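Everything below concerns the one structure shown next.
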Amino acid sequence: MFEPLEPTEFCEKWIPIKRNKKPGEYGYRKQCRKLLAELTGYGETTCNNWLSTPKEVPQLVRPYLRLVDTLWQIQQILPLEVNNFKQ
Numbered sequence: 004m005f006e007p008l009e010p011t012e013f014c015e016k017w018i019p020i021k022r023n024k025k026p027g028e029y030g031y032r033k034q035c036r037k038l039l040a041e042l043t044g045y046g047e048t049t050c051n052n053w054l055s056t057p058k059e060v061p062q063l064v065r066p067y068l069r070l071v072d073t074l075w076q077i078q079q080i081l082p083l084e085v086n087n088f089k090q
């Protein structure tokens, strides 16, 4: 139903938006592991390992990240649509 999303891809898309850090910038990886830890409940060290060793990512994390990605995309679009109905 949902195409799984790798943690690195998720971070590349959302860290610039949610944490104002671009890939390659100082602090990007730290923000990535913090966001992944907040979303998944895993520790920051574990999430940091996922970024360099994708084989260690638990099976349910990739589909979960896709769902979060989809919801956040909807949130970006929805306020514009809701405001259009007010006029």
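In my numbering, the protein residues as written are 4 to 90.
Here a beta-carbon is modelled for each residue, glycine too, at the ideal position from N, C-alpha and C.
Note that the coordinates shown come from a computational prediction; the quantities given were computed from them, not determined experimentally.
Using the beta-carbon count (16 or more within 10 Å), is Thr43 buried or exposed? buried
Among Cys35, Pro10, Arg22, which one has its Cα closest to the Cα of Pro61? Distance from the Cα of Pro61 is smallest, within the candidate group Cys35, Pro10, Arg22, for Pro10.
Same chain, Cβ closer than 6 Å to Ile20, five either side skipped, listed in chain order: none
How should Phe5 be labelled, buried or exposed, when 16 other C-beta atoms within 10 angstroms of its C-beta is the threshold for buried? exposed
Could you tell me which uninterrupted alpha helix (DSSP H) segments, each at least 4 residues in length, are contained entirely in the segment 47-83, listed from first to last along the chain? 47-55
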